[in-house]
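Enquirer: Would you mind keeping the following structure in view while I ask a few things?
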Amino acid sequence: MKWIVFGLVIVVIFIVAASFYAANFFLSVALFRNNKWYDKTGHKMMNPDNFNKGTSKYDLTEEQQNQQGEFFWQQEVAKDHWLEIGREKLYSRLIVSHPDSKKWVICVHGYRSYGKRDMAFVASKFSDQQYNILVPDLRAHGKSTGNVIGMGWLDRLDLLKWIQEVITIEPLAEIVLFGGSMGASTVMMTSGERLPKNVKGLVVDCGYSSVYSEFGVMLSSAFKLPAFPILTIANHLAKRKVGYSLKEASSISQLAQNKLPTLFIHGTGDKFVPHQMLYENMEATKGVKESLIVEQAPHLSSFIYEPDHYFDTVFEFIHRYC
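My numbering applies: residue -5 is where the sequence shown begins, and numbers increase by one.
Right, dumping it as structure tokens:
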């Protein structure tokens, strides 16, 4: 009997030690900018659709959109705009194509990406509707400094500063916040803060409901590991390692304070952020809400799969409610 108890204790110790190692490794991969394993292997595991490009009509559409975005990004009126917050220096692209317009959009990119890659084409479509544009690189992304990835939770505070930057430029600005992937969750998490009246509405494309839930999906789908007890341990470690817990970084809890009109978008083919999270986010918000579901579209690809329907829906929603 003693040997059985001893054996069980050894097994429990091994499981706990392995779980602590896995939790620490996962946080290092997921929440720190400079991680060689993520760059070499992790990215392919966590978002495989980014590496399955071919010559389908969708790939050709994406290439055309990227070319349009590149041309828009490089136009003469586009300027680099910097913001210093504490020790960090944050970058954005400021494009005031319509100086007499009061309409503004802030476009926020996704996880481990940067503004130009995710949002240049989207910004060009807003410019066609007479919007002036601000596209930030979130901290620890793109040209912005920093090493800790905020997953939207830390970034919500930076987005508040970017909103104030726009208001400084144009005090009567009517601002729409547009985000994709982690950028969508950044916008949703910002929605629970006290926003100036200049902010009129939100458009969020494939955002997760909370960092805790999203990391649970990643552990299961990409790493083939159980969420418990690894995620429970990671949640406690994160507070010490990056300054926030995975559970507090919640779009749902912040949307519960939101009264702004919000359009939720998601593709059913999303392997990175399950499209079911859209319904959780929609249920949480207190403002006017509508949704756009794009069948079979992978992560942050709905405007590639159905571009006309996508942008018609976005601007009809904005014109109706914002």
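Just so you know, even glycine gets a beta-carbon here, dropped at the ideal spot from N, CA and C.
Computed from a predicted model, the values in this text were never measured in an experiment.
1) Determine the closest residue to glutamate 187 out of His92, Trp76, Ile157, with distance taken between C-alpha atoms.
2) Tell me the DSSP bridge mates of glycine 261?
3) Quick one: grab the DSSP three-state call for tryptophan 98.
4) Between the C-alpha atoms of alanine 134 and serine 239, what's the straight-line distance to the nearest angstrom?
5) Taking only the alpha-carbon atoms, compute the straight-line gap between tyrosine 299 and threonine 35 and give it to the nearest angstrom.
6) Out of curiosity, what's the CA-to-CA distance linking alanine 243 and serine 203?
7) What does serine 204 pair with, by DSSP beta-bridge criteria?
8) On the DSSP letters alone, give me the boundaries of the alpha helix (DSSP H) that glycine 63 sits inside.
9) Could you spell out where the beta strand (DSSP E) holding leucine 267 opens and where it closes?
10) Report the rounded CA-to-CA distance for lysine 253 versus lysine 191, giving the unit in angstroms.
11) With a threshold of 16 other CB atoms inside 10 Å of the CB of serine 50, please say whether the residue is buried or exposed.
12) Measuring CB to CB, does isoleucine 143 end up less than 9 Å from arginine 106?
13) Between which residues of its own chain and asparagine 28 is the CB-CB distance below 8 Å, once the five residues before and five after are set aside?
Expert: Taking the coordinates as given:
1) Here residue 187 is taken as the residue at index 193 of the sequence shown, counted from 1. Of the listed residues, the one whose Cα sits closest to glutamate 187 is Ile157.
2) What you label residue 261 is simply residue 267 of the sequence shown in a count that begins at 1. Its beta-bridge partners are Val288.
3) Here residue 98 corresponds to residue number 104 of the sequence shown, with the count starting at 1. Tryptophan 98: strand per DSSP, three-state reduction.
4) In the sequence shown, the residue the question calls residue 134 occupies position 140. In the sequence shown, the residue the question calls residue 239 occupies position 245. The straight-line gap from Cα to Cα measures roughly 18 Å.
5) Locating residue 299 in the sequence shown gives position 305, counting from the first residue. Locating residue 35 in the sequence shown gives position 41, counting from the first residue. Taking the straight line joining both Cα atoms gives about 27 Å.
6) Working through the sequence shown from its first residue, we reach residue 243 at position 249. Working through the sequence shown from its first residue, we reach residue 203 at position 209. Straight-line Cα distance between these residues: approximately 9 Å.
7) As a working note, residue 204 is residue 210 in the sequence shown. BP columns for serine 204 point to Ser244.
8) Here residue 63 is taken as the residue at index 69 of the sequence shown, counted from 1. Its alpha helix (DSSP H) spans residues 51 to 67.
9) Taking the sequence shown and counting its residues from 1, one reaches residue 267 at position 273. Just to set this straight, residue 267 is valine in the shown sequence, not leucine. Run containing valine 267: none; DSSP gives neither H nor E here.
10) Here residue 253 refers to the residue found at position 259 of the sequence shown. Here residue 191 refers to the residue found at position 197 of the sequence shown. Approximately 12 Å between the Cα atoms of the pair.
11) Indexing the sequence shown from 1 puts residue 50 at position 56. Exposed.
12) Locating residue 143 in the sequence shown gives position 149, counting from the first residue. Locating residue 106 in the sequence shown gives position 112, counting from the first residue. Yes.
13) Along the sequence shown, read from residue 1 onward, the residue named residue 28 stands at position 34. Cβ neighbours of asparagine 28 beyond the five flanking positions: Asn141.
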